[in-house]
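Taking it in order: structure first as structure tokens, then the write-up.
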């Protein structure tokens with residue numbers, strides 16, 4: 064039986080300044096222009112590839128293209144928010160596969176404008192996915208997993224939010240010797256108090272396709288992404304510090320990516336027993352390349 068396809072909004076705050084060669088963040092470094100363009104193209108492409116419907120197969124002899132269904136397809140809108148001239152939209156191969164939304168806010172507050180858009184459009188989508196412009200999705204089961212988590216725990220805990228673990232890969236950091244030691248580094252597992260104490264809460268267990276998956280209150284609420292349903296949006300928008308420029312945590316970008324949800328919701332992440340159950344790839348691998 065066919066079921067109603069989910070409707071998803073993907074929102075990407077995107078900025079590239081290229082005016083500070085010594086900056087840590089790649090969006091400020093002029094030599095990173097090509098890499099940041101490639102990463103954003105990949106971010107956009109991955110969403111279309113994972114959740115779109117343009118899949119085909121080919122007959123080798125005739126090169127005839129045959130339609131191939133995508134069982135994980137969703138109906139989605141994909142938007143990139145920019146400020147002034149500080150962006151790479153003209154350089155993108157996939158610029159025609161997104162909706163470009165220029166805003167009046169300065170670049171550090173782009174995430175605030177994304178959050179404002181989410182609040183203004185509550186009720187129109189099943190999930191709103193905010194993701195920074197170097198976060199690559201790789202899991203076609205992303206929304207199946209979110210649905211399973213909220214079916215299991217959301218009724219009793221409507222304030223609970225599942226966040227992914229974010230990782231980098233050592234394939235691009237061989238000169239640091241990491242590849243001989245490990246393949247994947249989860250970079251947001253423990254904030255060691257940077258976001259305040261870990262909130263109390265029990266370990267939750269979910270049977271997913273016969274696997275026993277564990278979740279715990281997030282030791283670090285940051286992921287560079289959040290995926291919220293309409294109930295989450297109501298709680299987020301009702302918080303007195305929502306969209307406040309006076310109540311920043313770390314930076315405006317960190318506040319938009321994490322504090323808006325962390326203040327209003329109880330964030331859980333997969334435990335180290337199974338972090339790859341729900342994870343995302345950090346495309347600009349700054350942590351590994353710093354040689355940590």
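Numbering (the numbering used here), first residue to last: 64 to 355.
For glycine and all other residues, C-beta sits at the position ideal for the given N, C-alpha and C.
- The straight-line gap separating the alpha-carbon atoms of residue 119 and residue 133 is approximately 10 Å.
- By the Cβ-count criterion, residue 332 is buried, with 16 or more other Cβ atoms from all chains shown falling within 10 Å of its own Cβ.
- Judged by DSSP secondary structure, residue 138 falls within the beta strand (DSSP E) whose first and last residues are 138-146.
- Sequence-distant partners of residue 198 (beyond 5 residues in either direction) whose C-beta falls short of 6 Å from its own C-beta, in its chain, are 287, 288 and 343.
- In this structure the region 128-144 lies against the region 65-75, because at least three pairs of beta carbons, one per stretch, are closer than 8 Å.
- Between residue 328 and residue 318 a beta carbon distance of about 15 Å is seen, past the 8 Å cut, so the two are scored as non-contacting.
- Residue 290: member of the beta strand (DSSP E) spanning 288-291, first to last residue.
- Within the same chain, and ignoring the five residues on either side of residue 185 in sequence, the residues whose Cβ sits closer than 6 Å to its Cβ are 293 and 296.
- Per the Cβ contact rule, the region 207-215 is in contact with the region 263-273 (3 or more Cβ pairs under 8 Å).
- Rounded to whole angstroms, the Cβ separation of residue 281 and residue 330 is 4 Å, and the two are in contact under 8 Å.
- Residue 200 sits close to residue 109, with the two beta carbons spaced by under 9 Å.
- DSSP places residue 334 in the coil class of the three-state scheme, outside both helix and strand.
- A distance below 6 Å between beta-carbons, with the five flanking residues on each side excluded, links residue 206 to the following residues of its chain, in chain order: 69.
- The residues 230 and 232, in chain order, have a CB closer than 7 Å to that of residue 247 in the same chain once the five nearest residues on each side in sequence are set aside.
- Separation of residue 94 and residue 339 (C-alpha to C-alpha, rounded to the nearest whole angstrom) is 32 Å.
- Runs of alpha helix (DSSP H) with 4 or more residues, each lying fully within the region 191-227, are found at 205-216, listed in chain order.
- Between residue 336 and residue 302 a beta carbon distance of about 32 Å is seen, past the 8 Å cut, so the two are scored as non-contacting.
- Just measuring C-alpha positions, the residue of 122, 243 and 115 sitting nearest residue 136 is 115.
- Distances from the CA of residue 257 to each of 322, 227, 216 and 304 were compared; the closest alpha carbon is that of 322.
- DSSP places residue 103 inside the alpha helix (DSSP H), whose first and last residues are 96-114.
- Counting along the chain, no beta strand (DSSP E) covers residue 135, and no H or E run does either.
- By the Cβ-count criterion, residue 99 is buried, with 16 or more other Cβ atoms from all chains shown falling within 10 Å of its own Cβ.
- Under the three-state reduction of DSSP, residue 284 is assigned to coil, being neither helix nor strand.
- The beta carbon of residue 168 is closer than 8 Å to those of 146, 175 and 176 in its chain, skipping five residues each way along the sequence.
- Straight across, the Cα-Cα distance linking residue 178 with residue 306 is about 8 Å.
- DSSP places residue 324 inside the alpha helix (DSSP H), whose first and last residues are 323-327.
- In the same chain as residue 216, and ignoring 5 residues on each side of it, the C-beta atoms closer than 7 Å to its own belong to 223 and 267, in chain order.
- With at least 16 other beta carbons inside 10 angstroms of its own, residue 192 counts as buried.
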